[in-house]
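The opening residue of the sequence shown carries number 92 in our numbering; numbering runs sequentially from there.
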Amino acid sequence: MPLKNDRYTYLLTWSEDDLAYVGSCVEFPSLSCLDKTPEAALKGIRKIVQGIIKDMSQTGEVIPGPIRFGSSIIFNIQPPNKVSTKRNIKAGQGALARAIWKIIKPGVVIKPIKDVPLYYADPNRKGIIIRELNGKRELGIFKNGKFKQCP
Numbered sequence: 092m093p094l095k096n097d098r099y100t101y102l103l104t105w106s107e108d109d110l111a112y113v114g115s116c117v118e119f120p121s122l123s124c125l126d127k128t129p130e131a132a133l134k135g136i137r138k139i140v141q142g143i144i145k146d147m148s149q150t151g152e153v154i155p156g157p158i159r160f161g162s163s164i165i166f167n168i169q170p171p172n173k174v175s176t177k178r179n180i181k182a183g184q185g186a187l188a189r190a191i192w193k194i195i196k197p198g199v200v201i202k203p204i205k206d207v208p209l210y211y212a213d214p215n216r217k218g219i220i221i222r223e224l225n226g227k228r229e230l231g232i233f234k235n236g237k238f239k240q241c242p
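Dropping the structure here:
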């Protein structure tokens, strides 16, 4: 017969911020245990949960039961509607339009990478963008968040 705290759902993850493994328990989301190895993190969180269950039972608190997973899970995900999609696109284009003059400055050049377009400001003509791609150079402008080549 497993212990009560062995019926819970435990998770192990790596924390880049803490440079440690993090053991957590789904049924007790405020608890966690950091350790050098995943095994130690799991052992630590199980011990913490066991102590919390003991404290809760002594004080008469309701101990959460283990989450039950059925044999099937149904997800009802709605695709974004056209209005929210257009609003998000417009907001992104607006952010780019506001930031473009801070991002591009005459004379700033970044080394090109194959198949990756490189954009920078023309140092001689305000508002003109130079796009380089695989050795080909084009002059243009950004309109509605897209590069348009100048005639």
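Beta carbons are placed, not taken as given, at the ideal position from N, Cα and C, and that holds for glycine.
Assuming residue i contacts residue j (C-beta within less than 8 Å), just tell me the rounded distance between them.
i	j	result
I232	I219	7 Å
Y101	I136	6 Å
E118	P157	6 Å
S115	L125	Wrong, their Cβ atoms sit about 10 Å apart, outside the cutoff.
N215	Q184	About 27 Å; that fails the 8 Å criterion.
Give a yes or no on whether 8 Å exceeds the smallest Cβ distance from residue i to chain D.
i	result
C124	The question asks about chain D, but that chain is absent: this structure has only one protein chain.
Could you check whether residue j and residue i sit closer than 8 Å to each other, using their CB atoms as the reference points?
i	j	result
L110	A132	no
P242	L224	no
I154	I139	no
On a Cα-Cα basis, can you pick out the residue from the options that is closest to residue i?
i	options	result
A212	F238, N225, K205 and G226	F238
R228	Q240, K217 and G236	Q240
F160	R98, M147 and T176	R98
F206	S106, W192 and G226	It should be noted that the sequence gives Asp, not Phe, for residue 206. With distances taken between Cα atoms, D206 lies closest to G226.
I191	T150, N167 and Y210	Y210
Practice problem: At 3 residues or longer, and completely inside the segment 176-235: list those beta strand (DSSP E) runs for me, N to C. | Solution: Every unbroken stretch of the beta strand (DSSP E) spanning 3 or more residues and falling wholly within the segment 176-235 is given here in chain order: 209-212, 220-224 and 227-234.
Practice problem: Quick one: which unbroken alpha helix (DSSP H) runs of 4-plus residues sit fully inside the segment 97-155? Chain order, please. | Solution: Annotation note: the segment 97-155 contains the following uninterrupted alpha helix (DSSP H) runs of length 4 or greater, listed N- to C-terminal: 129-150.
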